[in-house]
Every structure is written in C-alpha cells, then in structure tokens.
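Participant: Structure incoming, see below.
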Ligand code: SF4
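Residue numbers (the working numbering): 109 to 255.
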C-alpha cells in the first residue's frame, strides 16, 4: 500500500512543527526544509489548518504553529482522512474503465479491506508527538536549520 504524497507531507509537516523550537516558521520555510514545492505545501497546510491541527497566521510575527490537537493527533486518523475511504484496488472502475466482473462477490476484495483496516489500526495509537522522539526529533532539528 502506497500513501499519497499529500499524506506523507502532512505527517512530515506536523512532525517538523512538533520537533523544532523555531517560533512560527512560514509555509515557505517548511517547504524549503522538506524540499517540496511551495504550492503543494500550502495546500496541505490549508487542510491541516481546517482540521484544527495547526494555526497559520500571515504577516509580521505570523507563521505556522502546531495546536495541542495537532500534537496529540492520531497518526491513523490523519492517514485515513488524507487517504479517503476508497479501496486499495479500483474494483468499481472509473469513467474510462469498466468495473471488475468479480466485484459483487469477491473474497479478495474483502481480504484487502481487512488488511487496509489493520494497517490503519496499527497507526491509531501513535501520535504526532510520538513520531518526534529520538532519533527522529534531533534529525528534524538538523533538517530545519538548512538554508
Ligand atoms: S478481483 Fe476482487 S479485489 Fe480485484 S479488482 Fe476484482 S473485485 Fe476488486
């Protein structure tokens, strides 16, 4: 199972804010530190702000700050939200592809759903703060100081 880039970026962004003592880095700062396009980072920041996991203030003294809700957010919940409810395999087809003929009664589909839920469930107890303990936290500090 491969995560969307936006899911990974959301996790990295929150980890970066949780680990670093920098007061209020900007979206541009974190995009540069994580080596991702500014527009992609800005889109993810907007989504995380909408979820109440960070605040983003413009202007002098502004910037990004992790909320308490963001610090204690469940990694599993966050991954579910960003990945959506879809199956790991496209059984129902799309506008340009037909549905799989087995989809009404496929045991594989059920097994894959169970595996997907087990994947999320294994991430549920983890919080963003948990992801920034040693050795990740100190490494995040190093990365955030890159020009
Ligand atoms: S075989 Fe089953 S899991 Fe695979 S696409 Fe068809 S319905 Fe989905």
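Ideal placement from N, C-alpha and C gives every residue a C-beta, glycine not left out.
Locate the beta strand (DSSP E) running through residue 160, then write down its first and last residues.
Facilitator: First-last for residue 160: undefined, no H or E at that position.
Participant: Does the contact criterion of 3 or more C-beta pairs under 8 Å hold for the region 181–199 versus the region 111–125?
Facilitator: Taking 8 Å as the limit for Cβ pairs, the verdict is that the region 111–125 does touch the region 181–199.
Participant: So, at 7 Å on beta carbons, what are the nonlocal neighbours of residue 249 in its own chain, with the 5 sequence-adjacent residues on each side left out?
Facilitator: So the qualifying residues of the chain are 127 and 128.
Participant: Who pairs with residue 174 in a beta bridge, going by DSSP?
Facilitator: Residue 174 pairs with 162.
Participant: Would you identify the three-state DSSP class for residue 245, choosing helix, strand or coil?
Facilitator: Helix.
Participant: Who are the near neighbours of residue 139 in its chain, counting only those whose CB is closer than 6 Å to its CB and skipping five residues on each side?
Facilitator: 146 and 149, listed in sequence order.
Participant: Note down the Cα distance separating residue 142 from residue 200, rounded to an integer number of angstroms.
Facilitator: Distance between the alpha carbons of residue 142 and residue 200: 36 Å.
Participant: Regarding residue 217 and ligand 1, is the C-beta to nearest heavy atom distance less than 7 Å?
Facilitator: Yes, since a heavy atom of ligand 1 falls inside the 7 Å radius drawn around the Cβ of residue 217.
Participant: How is residue 128 classed by DSSP in three states: helix, strand or coil?
Facilitator: Three-state result, residue 128: coil.
Participant: Helix, strand or coil, according to DSSP, for residue 255 in the structure here?
Facilitator: Reliability fails at residue 255, whose pLDDT of 47 lies under 50, so the model's placement of it is uncertain and the value that follows must be treated cautiously. It is coil, neither helix nor strand.
Participant: Would you kindly work out how many angstroms separate the C-alpha atoms of residue 113 and residue 209, rounded to a whole number?
Facilitator: Each residue's Cα considered, the two are about 31 Å apart.
Participant: Would DSSP call residue 189 helix, strand or coil?
Facilitator: Residue 189: helix per DSSP, three-state reduction.
Participant: Under DSSP, the alpha helix (DSSP H) around residue 135 begins and ends at which residues?
Facilitator: Its alpha helix (DSSP H) spans residues 135–142.
Participant: Sorted by chain position, which residues of the same chain lie with C-beta nearer than 8 Å to residue 152's C-beta, five sequence neighbours on each side aside?
Facilitator: Cβ neighbours of residue 152 beyond the five flanking positions: 114, 117, 118 and 121.
Participant: When the Cα atoms are used, what is the spatial distance from residue 168 to residue 197?
Facilitator: One C-alpha to the other measures close to 47 Å.
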